[in-house]
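K.L.:
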Amino acid sequence: QVRLVESGGGLVQPGGSLRLSCASSESIGVMFSWNWYRQAPGKERGLVATISRGDSTNYTDSVKGRFTISRDNAKNTVYLQMNTLKPEDTAVYYCNAVGPWRSYWGQGTQVTVSS
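Numbering-wise, my numbering comes out as the position in the sequence shown, counting from 1, plus 3.
Right, here's the structure in full:
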């Protein structure tokens, strides 16, 4: 059973930055892709960023140029660097890993952007 643990969320002012981390209990190299999702109150969970096994990345339009997904295989950790944060980025952020047989989810970390 793969366990994912997110950290790095918190309260930040508009224009600020946060870096989310997703630590995996297993080697991250075996997964087909790593993803960050977010869910704001009253809204559906949506895909924010993806990094593939080959390190190609994709982002939802609203975060392009502001967020960067990356990974450190040696630390079994995936990151989401979030810059120029906006109030509309407020949500619970979830780490997701797509493996050969199933996908895995972390418990989520709250990000609140407010002055």
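From the three backbone atoms N, C-alpha and C, an ideal C-beta is built for every residue, glycine too.
Small disclaimer: the values here were computed from a predicted structure and weren't measured.
Enumerate, from N- to C-terminal direction, the unbroken beta strand (DSSP E) stretches of 3 or more residues contained entirely within the region 15 to 82.
P.N.:
Those beta strand (DSSP E) runs which fall completely within the region 15 to 82 and span 3+ residues are 21 to 27, 36 to 42, 49 to 55, 60 to 62 and 70 to 75.
K.L.:
Hey, LEU83 and GLY18 are a contact pair by Cβ (cut 8 angstroms); roughly how many whole angstroms apart?
P.N.:
The residue labelled residue 83 in the question sits at position 80 within the sequence shown. The residue labelled residue 18 in the question sits at position 15 within the sequence shown. Wrong, their Cβ atoms sit about 17 angstroms apart, outside the cutoff.
K.L.:
Could you tell me whether the region 73 to 82 touches the region 31 to 40, using the rule of 3 or more Cβ pairs below 8 angstroms?
P.N.:
yes
K.L.:
Taking the alpha-carbon of SER28 as reference, which of ASP92, GLY109 and ALA43 has the nearest alpha-carbon?
P.N.:
In the sequence shown, the residue the question calls residue 28 occupies position 25. With distances taken between Cα atoms, SER28 lies closest to GLY109.
K.L.:
Taking the C-alpha atoms as reference points, what is the distance between ASN61 and THR71?
P.N.:
The sequence position of residue 61 within the sequence shown is 58, counting from 1. The sequence position of residue 71 within the sequence shown is 68, counting from 1. Going from the Cα of ASN61 to the Cα of THR71 covers about 9 angstroms.
K.L.:
By Cβ distance, which residues of its chain are closer than 6 angstroms to ALA100, with the 5 residues on each side in sequence left out?
P.N.:
Numbered from 1 along the sequence shown, position 97 holds the residue referred to as residue 100. Same-chain partners within the cutoff: MET34, TRP37 and TYR107.
K.L.:
What are the boundary residues of the beta strand (DSSP E) that includes VAL117?
P.N.:
As a working note, residue 117 is residue 114 in the sequence shown. At residue 117 the sequence reads Ser, which differs from the Val that was named. No beta strand (DSSP E) holds SER117; DSSP gives it neither H nor E.
K.L.:
Looking at VAL114 and LEU21, is the spacing between their C-beta atoms short of 9 angstroms?
P.N.:
To locate residue 21, count along the sequence shown from 1; it is residue 18. To locate residue 114, count along the sequence shown from 1; it is residue 111. Yes, the Cβ-Cβ distance between LEU21 and VAL114 is below 9 angstroms.
K.L.:
Classify TRP104: buried if its beta carbon has 16 or more other beta carbons within 10 angstroms, exposed otherwise.
P.N.:
What you label residue 104 is simply residue 101 of the sequence shown in a count that begins at 1. So TRP104 counts as exposed.
K.L.:
For ASN99, report the span of its beta strand (DSSP E) as first-last.
P.N.:
The sequence position of residue 99 within the sequence shown is 96, counting from 1. First-last of the beta strand (DSSP E) with ASN99: 94 to 101.
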